[in-house]
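K.L.:
Numbering (my numbering), first residue to last: 3 to 102.
In this text, a Cβ means the ideal position worked out from N, Cα and C, and glycines have one as well.
Handing you a structure now.
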Amino acid sequence: MTWAMAGVLAAAAGIAAGAINGLTPQLGDAALSVLAVVMLAGMSSVGGVVVAGILVGWMETVVGAYLGAAWQSFIPYLVVLLVMIVRPTGLFGEQRIERI
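Shown next as structure tokens:
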């Protein structure tokens, strides 16, 4: 269900972004932010993606205002790296225990 919702929402967002801004090579920059959001939230949490999206958007805005645009795309991935060291499933991902 999560993957189906993600596909539908991604298609709708792509259509809206293409209609509003036009199709340019800079649309790939948004995909990098989306990857950071999904990795930070965890692959199986819809609610976590909303929270992580707000968190990554806030981080990019604050870092872009204080440190400049060069750091704007780097800091979310640094945070993702630190979170993955502590919680490999993401902030809201569930740990599955498989018994053999």
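Assign residue 96 to buried or exposed, taking buried as 16 or more other Cβ atoms, counted over all protein chains shown, within 10 Å of its Cβ.
P.N.:
exposed
K.L.:
Span of the alpha helix (DSSP H) holding residue 74?
P.N.:
That run of the alpha helix (DSSP H) goes 71-74.
K.L.:
Restricting to Cα atoms, I'd like to know which of 54, 27 and 66 is closest to residue 38.
P.N.:
Restricting attention to 54, 27 and 66, the CA atom closest to the CA of residue 38 is found in 54.
K.L.:
Skipping 5 residues on each side, what residues in its chain have a beta carbon closer than 6 Å to that of residue 41?
P.N.:
Take residue 41, set aside five residues on each side of it, and the residues of its chain with a beta-carbon closer than 6 Å to its own are 82, in chain order.
K.L.:
Report yes if the C-beta distance between residue 19 and residue 34 is below 8 Å; otherwise report no.
P.N.:
no
K.L.:
Assuming residue 77 and residue 61 make a contact with CB atoms under 8 Å, what is their CB distance in whole Å?
P.N.:
Confirmed, Cβ separation roughly 6 Å.
K.L.:
Under a three-way DSSP split, which group does residue 20 fall into?
P.N.:
The answer is helix: DSSP assigns residue 20 an H, G or I state.
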